Structure formats: structure tokens, C-alpha cells
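Notes for the one structure printed next.
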Amino acid sequence: MNRLHKLLFIVLACSAQQALGGTIINGREVPPNSLPYMASVQHNGEHICGGFLIKKDIVLTAAHCDKKELTVVLGTNDLRKVKKTMRYNVEKCKHADYKNHDTGNDIMMLKLSRPSQIEPIQLQDDQIKIKNNTQCIVAGWGYIKSGGPRVDKLMKVEVATIDRRTCQRKWKTLPAKTICAGGYETNKGFCQGDSGGPLVCKTMAVGIVSYTGDTCDYPDLPNVYTDITKFLPWINDPKAKCK
């Protein structure tokens, strides 16, 4: 397969083995009660994508994680220990302009069936720009390498932001309203199952895991995230247009 083939992190495109949770590439386990805003987006009780709580009743994730029936799990870093009170039904609001990852707008809001008592993460202000080579973290229940193995404990890894010109040289069709961090010239980044999770810089969410190359552990391409700051008006609009 051509290396430059883009791999969407959609569990629907994975095998049954891949459709279960896993871990961040070359990351470490998140201590209990850390990163409480992290959400597991699930279908039929199985993890398919990450997400993160931005309001008491709103979880943000990637639009390509959409599936007919979704639930969200909040309040645990170990997906083997999910209580009924941790699971939420949701109403989906996928960005109206989303078509596929090539055209961007890979963002979706999930409105929870009831407010959560968990503290949401703050979103990056659009007046503050993240500098190149800023150290950030990405977390999720993805895979340690392409195709597995799978684990159920939340993992995180430090990644550095990459300047847009470099990212555009590597991704000729890089969509607008995106950020690049990790993957390129490193062995750290995200993998299948991490889609929808946050890129967190200085305690604030700045990006949403979108896509990378056809393998997760080959450091020739930057990881691509949706730039949250470009969607703040949509996120904060009570009448936001949805698909």
C-alpha cells in the first residue's frame, strides 16, 4: 500500500480485532483520576473513538466517528471498569460542512442525555496562537501499533506542534483549519481508536485527532488534527447547523 494513503481512524474500516480499544503510540499510562475530561465514544458497548468534555453536557469528537447509535463513557480511565452511571446517551451534531477528512471540518458535538459532574477542559482562545514546537499531549484508548495489540487503560504521549509549511509539504492536500503535531520524524503520536481525542497544550484543548498515514508507527508523516479555535463560533452557537 502506498505510504501516502491516508488512514482515517474509523473503527468501521477496521477488522473486528481492531474495533476494540488500545493505546497511544509510545505513550504511558494515565494515573487514575487524571485527565477526567477524557471520554470514550462507544458503539454497542465497544470503544470506537475518543472524545472530551467541553461543557457539562457536551463532548467534542471527530465527525468521522459518526455511527448510527453512539454512547459516551465518562469518569474512568479503565474501560474494563465502566459502571452504568458512567454511560450517557447522546444527540449528535456533526458539522454541516463535513464530507470527509480531505475537505476538513472533521468535528462533531455530542449532547449528553444528562449533565455530567466532571470538570470540562478549557478550549484554546482564538486570540492565542500556539507556537511551532510547542510541547503538548494527546491521549486515548487507541493502539500501540497498527493493528493492535489492544489494552483498555487510557494512555498519553507528549508531541510537539509542527509548522504548517512543513505539514503542507508532507500532506499536499492538507485541509484548512487543521493543526499538525507528532508523528513526523518521531515515534510518538496517535493510532486507530484515538480519533476524536484532544490535542492539549498548556492545559487547553487546541485540536481534535483526525488522521495520519497508513501506518501508525512509521514516522514519515505528521499527525493531523482539527483546529478547535477555527470552530469556536460553531461550538458556542446554540443553533449550530448540524448534519
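Just add 1380 to the spot in the sequence shown (first one is 1) and you have our numbering. Note that the Cβ used here is the ideal one computed from N, Cα and C, for glycine as well. Treat the numbers as computed from the prediction; the structure is a model and nothing was measured.
Below 7 Å CB to CB, which residues in the same chain sit around residue i once its five sequence neighbours on both sides are set aside?
{"i": "D1458", "result": "D1532 and K1533"}
{"i": "D1446", "result": "K1472, K1474 and M1488"}
{"i": "I1498", "result": "P1416, Y1417, L1433, L1454 and G1455"}
{"i": "H1423", "result": "K1447, E1449 and L1450"}
{"i": "T1483", "result": "P1555"}
{"i": "P1500", "result": "Y1417, L1433, I1434, K1435 and K1436"}
{"i": "C1622", "result": "C1473, K1474 and A1476"}
By how many angstroms is the C-alpha of residue j removed from the C-alpha of residue i?
{"i": "Y1340", "j": "A1556", "result": "Residue coverage of the chain in this structure runs from 1381 to 1623, which leaves residue 1340 outside it and unanswerable."}
{"i": "G1520", "j": "P1412", "result": "14 Å"}
{"i": "P1495", "j": "T1541", "result": "33 Å"}
{"i": "P1416", "j": "Q1548", "result": "34 Å"}
{"i": "C1463", "j": "G1407", "result": "Here residue 1463 turns out to be Lys, not Cys, going by the sequence shown. Taking the straight line joining both Cα atoms gives about 26 Å."}
{"i": "H1481", "j": "I1588", "result": "12 Å"}
{"i": "L1612", "j": "D1506", "result": "8 Å"}
{"i": "T1465", "j": "G1425", "result": "14 Å"}
{"i": "N1512", "j": "D1543", "result": "5 Å"}
{"i": "C1516", "j": "D1477", "result": "28 Å"}
{"i": "G1576", "j": "G1569", "result": "14 Å"}
{"i": "H1508", "j": "I1615", "result": "The sequence as given places Ile at residue 1508; His does not occur at that position. Rounded to the nearest angstrom, the two C-alpha atoms are 17 Å apart."}
{"i": "V1539", "j": "N1603", "result": "10 Å"}
{"i": "V1470", "j": "I1608", "result": "21 Å"}
{"i": "H1444", "j": "D1486", "result": "6 Å"}
{"i": "S1420", "j": "E1409", "result": "16 Å"}
{"i": "D1617", "j": "R1545", "result": "31 Å"}
{"i": "K1536", "j": "V1439", "result": "19 Å"}
{"i": "T1514", "j": "Q1504", "result": "14 Å"}
{"i": "C1571", "j": "S1414", "result": "21 Å"}
I need the DSSP call for residue i, collapsed to helix, strand or coil.
{"i": "K1491", "result": "strand"}
{"i": "I1608", "result": "helix"}
{"i": "D1482", "result": "helix"}
{"i": "P1412", "result": "coil"}
{"i": "T1583", "result": "coil"}
{"i": "K1464", "result": "helix"}
{"i": "N1616", "result": "helix"}
{"i": "A1443", "result": "helix"}
{"i": "D1437", "result": "coil"}
{"i": "T1451", "result": "strand"}
{"i": "Q1497", "result": "coil"}
If I measure Cβ to Cβ from residue i and keep anything under 8 Å in the same chain, skipping five residues before and after, which residues do I get?
{"i": "L1601", "result": "R1383, L1384, K1550, W1551, G1563, Y1564, T1592 and G1593"}
{"i": "A1442", "result": "F1389, C1429, D1486, I1487, M1488, S1575, G1576, I1588, V1589, S1590 and T1606"}
Residues in its own chain within less than 6 Å of residue i by CB, not counting five upstream and five downstream?
{"i": "Q1502", "result": "M1584"}
{"i": "P1578", "result": "F1432 and A1585"}
{"i": "I1510", "result": "T1541, C1581 and V1586"}
{"i": "Y1468", "result": "V1452, L1492 and S1493"}
{"i": "I1559", "result": "G1587, Y1605 and D1607"}
Can at least three beta-carbon pairs, one atom from the segment 1557-1573 and one from the segment 1445-1456, be found at a separation below 8 Å?
-> The answer is no - the segment 1445-1456 does not touch the segment 1557-1573, with fewer than three Cβ pairs under 8 Å.
Only counting runs of 3 or more residues, tell me where the beta strand (DSSP E) segments fall wholly within the segment 1529-1570, in order along the chain.
-> The segment 1529-1570 is shown to contain whole beta strand (DSSP E) runs of 3 or more residues at 1535-1542 and 1558-1561, in chain order.
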